[in-house]
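Number of protein chains: 2
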Amino acid sequence: MSMSRERGARERLVVIGGDAAGMSAASQARRMRGPDELEIVAFERGRFTSYSACGIPYWVGGAVGGRDELIARSPEEHRARGIDLRMRTEVTRIDVAGRRVRARDLESGAESWTSYDRLVIATGARPVRPELPGIDATGVHGVQTLGDGEALLDTLDRTPGRRAVVVGAGYIGVEMAEALIRRGYGVTVVDRGREPMSTLDPDMGRLVREAMEGLGVTVAGGSEVTKILAGDDGRVRAVATSDAEYPADVVVLGIGVRPETALAREAGLPLGAHGGLLTDRAMRVRGHEDVWAGGDCVEVLDLVSGQYRYVPLGTHANKHGQIIGTNAGGGYATFPGVVGTAVSKVCDLEIARTGLREKDAHRVGLRFEAVTVESTSRAGYYPGAAPMTVKMLAEHRTGRLLGVQIVGREGAAKRVDVAAVALTAGLTVERMTSLDLGYAPPFSPVWDPVLVAARKAAAKVRATTSA
Amino acid sequence: MSMSRERGARERLVVIGGDAAGMSAASQARRMRGPDELEIVAFERGRFTSYSACGIPYWVGGAVGGRDELIARSPEEHRARGIDLRMRTEVTRIDVAGRRVRARDLESGAESWTSYDRLVIATGARPVRPELPGIDATGVHGVQTLGDGEALLDTLDRTPGRRAVVVGAGYIGVEMAEALIRRGYGVTVVDRGREPMSTLDPDMGRLVREAMEGLGVTVAGGSEVTKILAGDDGRVRAVATSDAEYPADVVVLGIGVRPETALAREAGLPLGAHGGLLTDRAMRVRGHEDVWAGGDCVEVLDLVSGQYRYVPLGTHANKHGQIIGTNAGGGYATFPGVVGTAVSKVCDLEIARTGLREKDAHRVGLRFEAVTVESTSRAGYYPGAAPMTVKMLAEHRTGRLLGVQIVGREGAAKRVDVAAVALTAGLTVERMTSLDLGYAPPFSPVWDPVLVAARKAAAKVRATTSA
């Protein structure tokens, strides 16, 4: 690492963070500009690049064979494409005025400055780790990084017991519940919310809870964890809430993540209400022409509510990286925003949502009609037709689609994509009733479940509008 | 049946045709208006109402247990809802000026007039039955009606042989190929087109052919059937084309259907270039305030090409019926048109299309960029990730999506719905690259296959636009 460098025709792009957003940006910038035009230096404090954190529950559960299957591109592969990748090197300061970053080699401890012409901040997220008594007991694991996955697997392989407690009933929590079921554990999921999956309305969350209970999971809703109890050997033995104690040989924390923006804050870069960096449509940090940010460290515009949200998902991170790389490489691309789509599963239960929940709509002052319908994934007479429940919110009077939630079995979750596109396009539920969706008995009832919901929502909008 | 009736407060709605469009219209009109306000008389020449013709291949193939499972609502059920349903009664004339229809009781032969205030024409389609030597041999079957299905099953149960020839390699043809494979037949599919599934571009049809060949089907493309050969017993024994002869113990005709509009033509109602009735957006027959038409006897506006097409699909028929019933019942609803979505499968091969093929685009004067990509249904590392090929057409310069075709395995077909909604909304492929589609490893790669195609298409549009 050089303290300074000659100014010349060749510019330098510095990337902080070697995962989805950062390395997608680096790779795309490299596609736009060859090494003669643009030097690309990327810093990653960990041991891995470009891996699928979303895949960790499936690796832990055994559906995915090994850690390396989750790695989309290794450091060596990135280097072979002309990216000067510095692994185990942590950026400790961003000097925006001086256009340079300070980084520490975590092996040697050596620190130095690297100047940049263009900077990409892709520092990701850090898991929420509540300050609970006993949180550091042996056998308490997060599942955000590949290292976390390795540590958890090591515990599972060595733990004699068979009881697991998952703290948090969001996506990570329910996916980890599946993973632990698959590994033969008796699983308890503890969550503060009354129903699991608080990204759904409680009436839909109830369906998730009932299905999880049907899988043998104990779902302890409305439970605040007060402490984690360890034995004399320092190993976890139970999780205590205000009103119960759940024996545990292993504890998985799946409470969620926050944007990792300490560096950005220290550098005086603009942060939003959720602690994420604020960017413009081109993913430039606001007010900074040559600084971009993307992935789990930024807030994104929710196109339905018109407000900024924090939505740490790999699919957004990849898109951000692509857009940043294009712009940092001298091209033009924008990220219009999200509509809040997410899909997940617990064993054969599929869960999906997009757009606004009831409380989101209330919060932004949107009045709505809500309907819920039951339908099936295939024609009712076709083998394997699986039930699903679709909830749909439409704006009062205008009938504009506001959100969809789906809980069902095979074939349920990805149906939410139709609603995601409809939200993007601002379609009304009345217009949706005539959508030309694919129909054949093995794939859908003659009225696709999303259309059944749209019909009911449209009827309700009509009825309340004429009143 | 009365020759005339008293004029009073109660109006009479007459429906011609007791299947999807007609009975959906009748049922919805009944929901809108009670029997005191609206009398509803429906004529059906066959023995069944409201059945799923699309389900016949699965019944023949054994996936669906019995005929009655395909019947959504029986004559008795319709009558119980206050619809005066006359089965085995064929309408032989429509007297538009006199506001009456003439019908024949097919059992007794008796004919009489029934007057109407409002009329719904839902006469459906008739199968194409080429005038070939030998076409009437025993063992040659269509598969349009439940009666056809029964007759075919009877032949299959009684036929000692094991060789089947399917004439036509469209949806019906490929679905019947699957059904016959499941019944243990050696199957040959003969089609005039070079590749099967002419609703796809030939490069995508080739993938279907290769997959069908992989299933052991002989696909004889570019073959015109010249005659059907029968033995001395009158039973089919082979199908002859211009250059080959295929032994056959049973022959299934899956060549397609045409609108059944002889009655409408005789009544002077407006027909389009494809022989279907022409309606306005409210599904009213053009120029006729109190006459509606829907289902397989009408042409529909293709929203992508701006031209009228003939698209006989049960899903449209149901939508038409719903809209007609609302309007005929005094409400208001419209059918904006179709984008040309269709999904099908042959065993585990899934096939989907929406929008324009290359030749459709040429025909309407649209210049386009076409791209094809390979992707998978799930994250590459997730078990069951199945390959799929996505072809995408975007308009030159504007980048507006024009069409998508998908051939793949599990999880491929219904992805076309995203494109169907994007076509409806007029999205560009550039905008599509940022669509917020559901992502989790069991459901999609981090870039959904449709987004992978959109990225490639957007890049091509950009490259050719800047040139």
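Chains L and A, in that order, are what the protein sequence lines are. Start counting the first sequence at 1; every next residue gets the next number (our numbering). Start counting the second sequence at 1001; every next residue gets the next number (our numbering). Idealized CB from N, CA, C, for every residue including glycine.
Asked: If contacts are defined as beta-carbon pairs under 8 Å, then residue 332(L) and residue 326(L) qualify, I think. What distance do you get, rounded to the angstrom?; Found: 7 Å
Asked: Thinking C-beta only, is residue 1323(A) closer than 9 Å to residue 1315(A)?; Found: no
Asked: Please classify residue 3(L) as buried or exposed, where buried requires at least 16 other C-beta atoms within 10 Å of its C-beta.; Found: Caution is warranted here: a pLDDT of 38 is assigned to residue 3(L), below 50, making its placement in the model unreliable, and the coordinate value is therefore given only provisionally. Exposed, because fewer than 16 other Cβ atoms sit within 10 Å of the Cβ of residue 3(L).
Asked: Which stretch, first to last residue, makes up the beta strand (DSSP E) that contains residue 229(L)?; Found: 225-230
Asked: Just mark residue 1412(A) as buried or exposed, buried being the case when its beta carbon has 16 or more other beta carbons within 10 Å.; Found: buried
Asked: Find out if the Cβ-Cβ distance for the pair residue 1190(A), residue 1168(A) is shorter than 9 Å.; Found: yes
Asked: Nearest to residue 182(L) by alpha carbon, out of 204(L), 156(L), 440(L)?; Found: 156(L)
Asked: Buried or exposed: which applies to residue 1268(A), given that a residue is buried once 16 or more other Cβ atoms fall within 10 Å of its Cβ?; Found: exposed
Asked: Scan the segment 301-328 of chain L for residues whose Cβ lies nearer than 7 Å to a Cβ of chain A and list them as they occur along the chain.; Found: 313, 314, 315, 318, 319
Asked: Comparing C-alpha positions only, which one of 403(L), 407(L), 44(L) sits nearest to residue 419(L)?; Found: 403(L)
Asked: Between residue 1125(A) and residue 1257(A), which are expected to be in contact by the criterion C-beta below 8 Å, what is the C-beta distance as a whole number of angstroms?; Found: 4 Å
Asked: Which one of 1099(A), 1328(A), 1067(A) has the shortest CA to CA distance from residue 1033(A)?; Found: 1328(A)
Asked: So what does residue 1343(A) bridge to, in DSSP terms?; Found: 1352(A)
Asked: Quick check on the DSSP output: what are the complete beta strand (DSSP E) runs of length 3 or more inside the segment 1087-1148 of chain A, in order along the chain?; Found: 1089-1095, 1100-1105, 1111-1115, 1118-1121, 1125-1127
Asked: Note down, in chain order, each residue of its chain lying with its Cβ closer than 8 Å to the Cβ of residue 1066(A), except the 5 sequence neighbours on either side.; Found: 1059
Asked: Counting along the chain, where does the alpha helix (DSSP H) carrying residue 1432(A) start and finish?; Found: 1429-1432
Asked: Using DSSP's beta-bridge definition, name the partner residues of residue 359(L).; Found: Per DSSP, none; premise fails for residue 359(L).
Asked: Note down the Cα distance separating residue 1095(A) from residue 1037(A), rounded to an integer number of angstroms.; Found: 24 Å
Asked: Under 9 Å, do residue 1312(A) and residue 1287(A) count as touching if we go by C-beta distance?; Found: no
Asked: Show which residues of chain L have a CB atom less than 7 Å away from the CB atom of residue 1441(A).; Found: 52, 54, 55, 58
Asked: Going by the beta-carbon positions, is the gap between residue 1226(A) and residue 1133(A) smaller than 9 Å?; Found: yes
Asked: For chain A, check one thing: does any of its Cβ atoms lie closer than 9 Å to the Cβ of residue 465(L)?; Found: no
Asked: State the Cα-Cα distance for the pair residue 300(L) and residue 396(L), rounded to the nearest angstrom.; Found: 26 Å
Asked: For residue 1224(A), count the other beta carbons within 10 Å of its own beta carbon; 16 or more makes it buried, fewer makes it exposed. Which is it?; Found: exposed
Asked: Using a cut-off of 9 Å between C-beta atoms, extract the partners of residue 1335(A) located in chain L.; Found: 434
Asked: Could you name the residues that DSSP lists as bridge partners for residue 1387(A)?; Found: 1376(A)
Asked: Tell me which residue opens and which closes the beta strand (DSSP E) that residue 1253(A) is part of.; Found: 1250-1253
Asked: Does the Cβ-Cβ distance between residue 427(L) and residue 1425(A) come in under 9 Å?; Found: yes
Asked: If the cut-off is 7 Å on Cβ atoms, which residues from the segment 368-384 of chain L count as contacting chain A, listed in chain order?; Found: 379, 381, 382, 383
Asked: Quick one, are the C-beta atoms of residue 1072(A) and residue 1090(A) less than 9 Å apart?; Found: no
Asked: Which two residues bound the contiguous alpha helix (DSSP H) that contains residue 1321(A)?; Found: 1314-1328
Asked: Could I get the ranges of all uninterrupted beta strand (DSSP E) runs contained in the segment 276-300 of chain L, with 3 residues as the minimum, in chain order?; Found: 291-293
Asked: Please list, in chain order, all residues of the same chain as residue 282(L) whose beta carbon is under 6 Å from its beta carbon, the five residues on each side excluded.; Found: 327, 334
Asked: Give me the subset of the segment 160-174 of chain L whose CB atoms are less than 9 Å from a CB atom of chain A, sorted by chain position.; Found: 171
Asked: Note down, in chain order, each residue of its chain lying with its Cβ closer than 6 Å to the Cβ of residue 1044(A), except the 5 sequence neighbours on either side.; Found: 1018, 1087
Asked: With a threshold of 9 Å between beta carbons, is residue 1069(A) in contact with chain L?; Found: yes
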